[in-house]
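Student:
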Amino acid sequence: MAFPLHPNEESSPTPSAGLLEIDLAAIRSNYRLLQARLGQTQCAGVVKADAYGLGASRVAPELHAEGCRHFFVAHFDEALALRPVLPDDSTLYVLNGLTRDAVGACAQAAVVPVLNSADHLAAWRAEAARLGRILPAVVQIDTGMSRLGLAPAEVRTLAQNARSFEGLDILFVMSHLACADEPARAANAEQLANFRAGHDVLASHSAFARARRCLANSSGIFLGRDYHFDMARPGAALYGINPLPGRPNPMRPVVRLHARVIQTRAIPRGVHVGYGYTFEAPAPVRVATLSVGYADGWLRSLGGRGTVYLDGHRLPILGRVSMDSISVDISSLPEGAVGTDARVELIGGHQSVDQVADAAGTIGYEILTSLGHRYRRIYSGEARA
Ligand SMILES: *Cc1c(COP(=O)(O)O)cnc(C)c1O
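Convert by adding 4 to the 1-based position in the sequence shown; the result is the number in my numbering.
(1) Nearest to L23 by alpha carbon, out of R217, G340 and V265?
(2) Using the DSSP secondary-structure output, state which residues sit across from E349 in a beta bridge.
(3) Let's see if you can read the secondary structure: which residues bound the beta strand (DSSP E) around F176?
(4) Let's see if you can read the secondary structure: which residues bound the alpha helix (DSSP H) around E194?
(5) Out of I138, A215, V107 and V296, point me to the one whose CA is closest to D123's CA.
(6) I'd like to confirm something about V50: is its beta-carbon nearer than 7 Å to some heavy atom of ligand 1, or not?
(7) Does DSSP put A141 in a helix, a strand or coil?
(8) Would you mind giving the Cβ-Cβ distance between A240 and S222, rounded to the nearest angstrom? I have them listed as a contact below 8 Å.
(9) In the structure shown, what three-state DSSP assignment does G22 receive?
(10) Which residue marks the beginning of the alpha helix (DSSP H) containing D362, and which one marks its end?
(11) Do V63 and Y97 have their CB atoms nearer than 8 Å?
(12) Pop quiz: F75 and A48 are said to be a contact at Cβ under 8 Å. What is the actual Cβ separation, rounded to whole angstroms?
(13) Can you grab the Cα-Cα spacing for the pair R262 / S208, in whole Å?
(14) Check whether the Cβ of G308 lies closer than 7 Å to any heavy atom of ligand 1, and answer yes or no.
(15) Compute the Euclidean distance between the alpha carbons of L9 and G352, then round it to the nearest angstrom.
(16) Quick check: the Cα distance between R134 and A126, rounded to an integer number of angstroms?
(17) Could you check how far apart the C-beta atoms of A182 and G148 are, in whole angstroms? I think they sit under 8 Å.
(18) Just to check, is the beta-carbon of R4 closer than 7 Å to a non-hydrogen atom of ligand 1?
(19) Can you check DSSP and say which residues form a bridge with A106?
(20) For D173, which residues from the same chain have a beta carbon less than 6 Å from its beta carbon, with the 5 sequence-adjacent residues on both sides left out?
(21) Could you tell me whether any non-hydrogen atom of ligand 1 is closer than 7 Å to the CB of L154?
(22) Quick check for students: name the residue ranges of the alpha helix (DSSP H) that lie wholly in the segment 282–308, counting only runs of 4 or more.
(23) Taking the beta carbon of A6 as the centre, do at least 16 other beta carbons fall within 10 Å, making it buried, or is it exposed?
(24) CB H354 to CB G316, shorter than 8 Å?
(25) Indicate whether the contact test is met: 3 or more Cβ pairs, each with one atom in the segment 326–337 and one in the segment 292–305, closer than 8 Å.
(26) Just curious, the alpha helix (DSSP H) that T161 is in, first and last residue?
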């Protein structure tokens with residue numbers, strides 16, 4: 005099967021922002037680890053936002069090769085783009101649900117919407133009636149985070165009306181945990197109880213005869229069996245992000261990222277570096293300018309705080325992050341040791357995605373999904389290479 009190439013993927017001959025290496029074997033291994041932890045519970049794959057920036061068209065078939073048959077995206081477009089790269093035994097779900105202009109196309113493409121509101125429900129029911137067919141759906145109930153899904157009162161009202169779900173075959177009742185990465189929070193048990201209660205109100209309805217339950221994201225899987233139900237929906241952990249913040253990461257790292265040295269210089273004491281002159285050399289400093297900037301997901305908040313590594317040496321970022329470059333302090337390396345085009349590690353053996361995120365004041369999710377399309381991408385470890 006030929007996969008669509010990303011911009012700057014393997015074939016690109018042109019110098020780029022850097023090298024983004026994505027280890028597909030590590031993603032498969034992470035899937036296996038989660039599935040093993042889940043036992044009889046199915047492990048779905050969340051591949052929204054282009055598989056958290058890593059390339060959904062490459063990632064989804066790898067998950068399929070490990071037995072994954074349920075794939076979640078955020079938008080209908082994302083589902084349509086993935087349909088051709090996944091075998092027919094896969095089901096694609098749209099977390100954000102239906103938009104008015106996509107109802108017909110969604111039914112035609114056999115994509116399963118997550119019905120989050122009474123409006124979604126009415127639109128999908130109307131489409132089923134128009135087609136004279138039973139349409140599959142997932143119903144999301146809000147269990148506390150007030151983001152998407154039917155409110156408890158709506159659930160009760162809808163459940164009382166025999167026609168509410170007419171023409172629909174509800175595959176799953178789902179909800180989403182707000183604090184799963186903080187196991188000590190009482191919110192987890194509260195959401196769990198709300199989820200059970202909401203499901204029980206709906207379960208008696210004939211449209212729910214086959215309905216199973218789906219609650220946990222990556223961190224939710226590690227909250228224990230009570231949170232597993234029939235299917236879990238991990239994303240982040242598949243991509244190597246730690247589902248247990250503050251504890252050792254059980255997942256295998258997936259991403260390595262390198263930038264290039266564009267230029268080096270030595271500056272005397274009192275000279276500045278970068279926009280705003282926010283760094284002033286307190287002593288003579290040797291500076292290397294690197295080929296990544298905030299347009300490549302090297303977030304502006306890393307200015308003056310982040311670090312990179314060269315041959316195991318820690319190099320602090322000096323001053324602000326520019327759109328296409330950053331400057332780092334190479335004074336700790338022997339003079340002349342850093343040449344133009346030298347490769348500098350941004351994410352890899354010395355620094356994980358989560359550590360970069362910490363330095364930037366954000367989460368690994370935002371780092372990965374911000375990386376963008378200016379890197380040359382190299383995929384390794386394909387299941388069917
Ligand atoms: C993004 C998302 C997930 C995946 O969450 P991770 O924390 O990345 O595992 C699961 N369910 C819903 C509803 C989501 O929006």
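Ideal Cβ positions, reconstructed from N, Cα and C, are used throughout, including at glycine.
Tutor: For this structure:
(1) Nearest in C-alpha terms to L23, of all of R217, G340 and V265, is V265.
(2) Partner(s): H262 and Y313.
(3) L172 to M178
(4) A190 to A207
(5) Minimum Cα distance to D123 is reached at V107.
(6) yes
(7) strand
(8) 5 Å
(9) In the structure shown, G22 sits in a strand (DSSP, three-state: E or B).
(10) Here the alpha helix (DSSP H) through D362 covers V357 to A364.
(11) no
(12) 7 Å
(13) According to the sequence displayed, residue 262 carries His and not Arg. Between H262 and S208, the C-alpha separation is close to 55 Å.
(14) no
(15) Interpretation of L9 is limited by its pLDDT of 48, a score under 50 that renders its predicted location unreliable; no figure is taken from the coordinates.
(16) 12 Å
(17) Yes, A182 and G148 are in contact; Cβ-Cβ is about 6 Å, under 8 Å.
(18) The chain is shown from 5 up to 389; residue 4 falls before or after that span and cannot be answered.
(19) Under DSSP, A106 forms no beta bridge with any residue.
(20) I138 and P140
(21) no
(22) none
(23) Only weak support is given to the placement of A6: the predicted model assigns it a pLDDT of 42, under 50, and the question is left unresolved by the model.
(24) Here H354 is near G316, since their CB atoms are less than 8 Å apart.
(25) yes
(26) P156 to Q164
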